[in-house]
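Peer 1: Protein chains in written order, with the numbering used here: chain S, 2 to 132; chain Z, 2 to 337. Beta carbons: idealized from backbone N, C-alpha and C, even for Gly. Predicted, not measured: the structure shown is a model, and the values here were computed from it. One structure, pasted below without further comment.
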């Protein structure tokens, strides 16, 4: 354990200072760069606050279920989540999921959504608001 | 560019023109991680001031695209076809001058910044007419068809442009560090849903706002021909209309600057070819996935510390929204 506040919280505080105190004083051509810096800090803060181990576990569980639902031979249980995704990617390319589009799509949408929540959560909220 | 390089450049210009250079000013232009652009203001003995752009590869250029010589030859062909492009002035392939090939083109004044063109109606007062002109100009580009001896270096056109793209993108995915199952699914769908190819045309390959310079509310020139190739003309149509190239104005489906119907109207009138919405939608899904792969490549390149820069470092995080966009386009096609 580290002493508080956490790295994610530090980044959020620093980002707020940047946006509230520094940005308004910048010359026009530097505003875009400052906004990019603020965006990078926000992404880093969300990624620091996330739990990649839990996300990896959930990915493994869902991919294993998908192979079962699609009637394909199970992947070796000792694969890590990245290696499972690699097998899944290769099997999709080879057409092995052509007949199982719906369960596959559900998994992929979940995965893309999870990445979007870290990279740009506003887009997810916007879509949910729009129904 | 150091003093010695500038001196070699001036000497080369004087020799190429057969006149001494009496005044020269150079300034690096913004943008261009792959190409370097320099504003060059010259005066040759006994003549008027000339305003030019010098274009050469950036020193750490990695992404494969047309060489500067090829880009110069495309400009010549497009100028002959009455496509508005910067006038190509001179090409130098001798590496002794600047270390690599470069060319000069006439400098045009105008606005290419997408954010300004999307927001500011003073820059484009008549958006329906501007939208139609986007179509007219694109149709004129597409009127260039193989075989063309002067463009023989482009090689033979791909028999199936969509299949060719899918092969290229899969090879790019294989070079990435992380697996991308969602992108693989989109590519598999694109592979199984390929439209019957059109007869091949010259395509621009990056026809969108940002690569179109506007002056007096009209298209002044089309820029950045580094992705020009033989291909399916609908690829350019889909690229311009893709959601990811609307710069915060998704309601203006033609590049964020005009209505899709106006763009189609101009294209159809000039080409005599009706645009089929399902084919454009196919290429819009392809556009989102192409952009997603470029974004991931840029992010990955940053990890390899070959191209530092915050914008490139952040671009990998854009991939999920692009993939989601491609999936949404496909869902809409399947629903139709």
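From which residue to which residue does the beta strand (DSSP E) around residue 231 of chain Z run?
Peer 2: Residues 230 to 232.
Peer 1: Can you give me the Cβ contacts of residue 111 of chain Z inside the same chain, cut-off strictly under 8 Å, excluding the 5 residues immediately before and after it?
Peer 2: Correct list, in chain order: 214, 215, 216, 221, 222.
Peer 1: Nearest-angstrom Cα distance between residue 8 of chain S and residue 120 of chain S?
Peer 2: About 18 Å.
Peer 1: Identify every residue that forms a DSSP beta bridge with residue 38 of chain Z.
Peer 2: Residue 38 of chain Z is bridged to Z:56.
Peer 1: Excluding the 5 residues flanking residue 109 of chain Z on each side, which residues of the same chain have their C-beta closer than 8 Å to its C-beta?
Peer 2: These residues qualify, in order along the chain: 87, 214, 216, 221, 222.
Peer 1: Just to confirm the assignment: which complete alpha helix (DSSP H) runs, minimum length 4, are found wholly within the region 47 to 84 of chain S?
Peer 2: Those alpha helix (DSSP H) runs which fall completely within the region 47 to 84 of chain S and span 4+ residues are 53 to 70.
Peer 1: Could you check what DSSP says for residue 89 of chain Z in three-state terms: helix, strand or coil?
Peer 2: Reduced to three states, the DSSP call for residue 89 of chain Z is strand.
Peer 1: Which class does residue 221 of chain Z belong to by DSSP, given the choice of helix, strand or coil?
Peer 2: Correct three-state label for residue 221 of chain Z: strand.
Peer 1: If we ignore side chains and look at the alpha-carbon of each, how far apart do residue 131 of chain S and residue 97 of chain Z end up?
Peer 2: Note on residue 131 of chain S: pLDDT 40, under 50, position unreliable in the model; no value is reported.
Peer 1: Enumerate in chain order the residues of its own chain whose CB-to-CB distance from residue 84 of chain Z is below 6 Å, with the five nearest sequence positions on each side excluded.
Peer 2: Same-chain partners within the cutoff: 141, 142.
Peer 1: Would you please verify whether the beta carbon of residue 311 of chain Z is less than 8 Å from any beta carbon of chain S?
Peer 2: Residue 311 of chain Z counts as touching chain S.
Peer 1: Taking its Cβ as the centre, do 16 or more other Cβ atoms sit within 10 Å of residue 154 of chain Z, making it buried, or is it exposed?
Peer 2: Residue 154 of chain Z should be labelled exposed.
Peer 1: Please state if the CB of residue 330 of chain Z and the CB of residue 248 of chain Z are separated by a distance shorter than 8 Å.
Peer 2: Not in contact: residue 248 of chain Z and residue 330 of chain Z (Cβ atoms no closer than 8 Å).
Peer 1: Helix, strand or coil for residue 214 of chain Z? Go by DSSP, reduced to three states.
Peer 2: Reduced to three states, the DSSP call for residue 214 of chain Z is strand.
Peer 1: Please confirm whether residue 125 of chain S and residue 324 of chain Z have their CB atoms less than 8 Å apart.
Peer 2: Not closer than 8 Å, so no.
Peer 1: Using CA atoms only, rank isn't needed, just tell me which of Z:39, Z:185, Z:18 is closest to residue 328 of chain Z.
Peer 2: That would be Z:185, whose Cα lies nearest to the Cα of residue 328 of chain Z.
Peer 1: Whole-angstrom Cβ separation of residue 135 of chain Z and residue 264 of chain Z, contact assumed at under 8 Å?
Peer 2: Contact holds; Cβ gap of about 5 Å.
Peer 1: Chain Z beta carbons: is any one of them nearer than 8 Å to that of residue 55 of chain S?
Peer 2: Not an interface residue.
Peer 1: Under 6 Å Cβ to Cβ from residue 202 of chain Z, same chain only, skipping five residues before and after it: list those, please.
Peer 2: Excluding positions up to five away in sequence, the list reads 143, 146, 234.
Peer 1: To which residues does DSSP link residue 29 of chain Z through a beta bridge?
Peer 2: Bridge partners of residue 29 of chain Z: Z:39.
Peer 1: Taking the alpha-carbon of residue 18 of chain S as reference, which of S:57, S:38, S:85, S:48 has the nearest alpha-carbon?
Peer 2: For residue 18 of chain S, the nearest C-alpha among the options comes from S:38.
Peer 1: Check whether chain S comes within 8 Å of residue 186 of chain Z, counting only Cβ atoms and requiring the distance to be less than that.
Peer 2: True, the Cβ-Cβ gap to chain S drops below 8 Å.
Peer 1: Taking its Cβ as the centre, do 16 or more other Cβ atoms sit within 10 Å of residue 158 of chain Z, making it buried, or is it exposed?
Peer 2: Classification for residue 158 of chain Z: buried.
Peer 1: Short check: CB of residue 266 of chain Z to CB of residue 133 of chain Z, under 8 Å?
Peer 2: Yes. Within cutoff.
Peer 1: Short check: CB of residue 97 of chain S to CB of residue 73 of chain S, under 8 Å?
Peer 2: Cβ distance < 8 Å, so residue 97 of chain S and residue 73 of chain S count as in contact.
Peer 1: Less than 8 Å between CB atoms is the rule here; does residue 293 of chain Z satisfy it with respect to chain S?
Peer 2: No, no contact with chain S.
Peer 1: Keeping to the same chain, check which residues put their C-beta closer than 7 Å to that of residue 320 of chain Z; ignore five residues upstream and five downstream.
Peer 2: Excluding residues within five positions, the ones whose Cβ falls inside 7 Å are 293, 296, 297.
Peer 1: Taking only beta-carbon positions, decide if residue 318 of chain Z is within less than 8 Å of chain S.
Peer 2: At least one chain S Cβ lies under 8 Å of residue 318 of chain Z.
Peer 1: Please return the same chain residues whose Cβ sits closer than 6 Å to the Cβ of residue 39 of chain Z, not counting the five positions on each side in sequence.
Peer 2: Around residue 39 of chain Z: 27, 29, 55.
Peer 1: Would you check if there are 3 or more beta carbon pairs closer than 8 Å linking the region 83 to 100 of chain S to the region 186 to 206 of chain Z?
Peer 2: The answer is yes - the region 186 to 206 of chain Z touches the region 83 to 100 of chain S, with three or more Cβ pairs under 8 Å.
Peer 1: Taking all protein chains shown into account, decide if residue 62 of chain S is buried (16 or more other Cβ within 10 angstroms of its Cβ) or exposed.
Peer 2: It counts as exposed.
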